[in-house]
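K.L.:
Submitted below is the structure of interest, expressed as structure tokens.
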Amino acid sequence: MYLTLITTRNCNLKCKYCYEGNKKKQNPQYKLEDLMKFIYFYKPNSIGFFGGEPLMNMDYIKSVVNEIRKRELPIRFGITTNGTLITDEIAGYLSANGFNAIVSIDGDKETHNQNRGNSYDDVIKGIQLLQKYYINPNARMTVNRDNVGKLYENYLHILSLGIDDVAMCWDKMQEPVSHNDMQMYQAQLKLIFDDWKLRRFADKQVRINLMGITVFPEAAKNQTPCLFGHDIMALDVDGQIYPCHMAIDYPELSMGNLEKGLDVEKIKDYAKITGQNFICDPMCESKSICHRVCYMQNYIRKGNILIPSARDCFIKRTELDIAKGYLI
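For the sequence shown, the positions run 1 to 328 when the numbering used here is used.
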């Protein structure tokens, strides 16, 4: 089981496309001992620290990691960060405790600062510090109509930083997308996948993740759907437990809390629902290789985790039209 800990709702940036917006800003309100009881009982094999910006609450991260280490629990750690607060001390600590890291970076300085304030220089310093301590971070790019025309250029820029695992995710808040947007996206993806293919033949492999399509040797064939709510859980700062970190602002999706435990019937419901196929166009030519659109994006846009929006299907079909020529 993968457990996401919402480490704080606070953030030091105000990214234009952040779905957190101006919602409540606070740190965990529950007791550490209650969290440890939950962890000890449900035995997650991985824990991810998420925010907000999780490095704004480093004391919490250390307290959780230290308790897990004391109990010698076999748990891996990860963190998703904007990278701006990383210091030598923090990078050293993350490395010493075997953390994986995902850093949000949209590309070159101009592109990145367009939506993330003037944070590029600090992000680069953070990436370099992680690499100094032998952490090779993954990059998470947010794509929108303002930067899609530079996607290939920005992908190359990120690779030039020594990063070889890049996730490209469309702005969750921006809609609709136009045919012109998708034409540009498709042209940029073709350039990216051509580059990926050349690197593969040169044995300089790069992993490209399009949130449901992973372009990497054999990986795309073996994709499995998101285990929403039964093998993935998220704990919010108020102690409520959700099926995903994107669900924390939807109380009706809560699966229980630290005080009373998990709602077993709710978990069974999620397992049953996520075992079903999406309710989508029966004539869609991409159905056989389209593994998923995000369950929570379905819920946010359509009120049903199994019904993808026309926007998201449009984006996914665009990706698949290009990607299926490279899936080996």
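Ideal Cβ placement from N, Cα and C applies to all residues, glycine included. Owing to the predicted nature of the structure, the values given are computational and were not obtained by experimental measurement.
#1: Thinking C-alpha only, which one of Asn66, Asp195, Asn180 is nearest Asp203?
#2: In three-state DSSP terms, what is Ser104?
#3: Straight-line CA distance for Cys280 to Met184?
#4: Out of Tyr152, Ile307, Leu235, Phe314, which has the shortest C-alpha to C-alpha gap to Leu178?
#5: Spatial neighbours of Tyr2 within its chain, please: C-beta separation below 6 angstroms, excluding the five flanking residues on both sides.
#6: Consult DSSP for Met184 and reduce its assignment to one of helix, strand or coil.
#7: So Ile322 packs on Gln186, CB below 8 angstroms; how close in whole Å?
#8: In three-state DSSP terms, what is Ile47?
#9: Pairing CB atoms from the segment 271-279 with CB atoms from the segment 226-242, are three or more of them under 8 angstroms?
#10: Nearest-angstrom Cα distance between Gly261 and Tyr295?
#11: Do Asn57 and Asn100 have their beta-carbon atoms positioned less than 8 angstroms apart in this structure?
#12: Using 8 angstroms as the threshold, is the C-beta distance between Ile6 and Ile248 below it?
#13: What is the residue span of the alpha helix (DSSP H) that Ala310 lies within?
#14: Which same chain residues, not among the five before or five after Asp263, have their C-beta less than 6 angstroms away from its C-beta?
#15: Report the rounded CA-to-CA distance for Glu319 versus Pro54, giving the unit in angstroms.
#16: I believe Leu258 touches Tyr242 by the beta-carbon criterion, under 8 angstroms. Please report the beta-carbon distance rounded to the nearest angstrom.
#17: Apart from the five residues on each side of it in sequence, which residues of its chain come closer than 7 angstroms, Cβ to Cβ, to Pro44?
#18: Using the rule of at least 16 other Cβ atoms within 10 Å of the residue's Cβ for burial, across every protein chain shown, is Gln188 buried or exposed?
#19: Could you say if the segment 137-145 and the segment 84-94 meet the contact criterion of at least three C-beta pairs nearer than 8 angstroms?
#20: Suppose only complete runs of 4+ residues qualify. What are the alpha helix (DSSP H) ranges in the segment 252-277, listed by chain order?
#21: Going by DSSP, what residues sit across from Phe77 in a beta bridge?
#22: When we look at the beta-carbon of Ala96 and count the other beta-carbons within 10 Å, is it buried (16 or more) or exposed?
P.N.:
Answer, in terms of the structure:
#1: Asp195
#2: strand
#3: 25 angstroms
#4: The sequence as given places Ser at residue 178; Leu does not occur at that position. The shortest Cα separation from Ser178 among Tyr152, Ile307, Leu235, Phe314 belongs to Phe314.
#5: Ser46, Ile232
#6: helix
#7: 6 angstroms
#8: strand
#9: yes
#10: 23 angstroms
#11: no
#12: yes
#13: 310-323
#14: Met255, Gly256
#15: 31 angstroms
#16: 12 angstroms between Cβ atoms; not a contact.
#17: Met1, Tyr2, Leu3, Ile75
#18: buried
#19: no
#20: 264-274
#21: Ile47
#22: exposed
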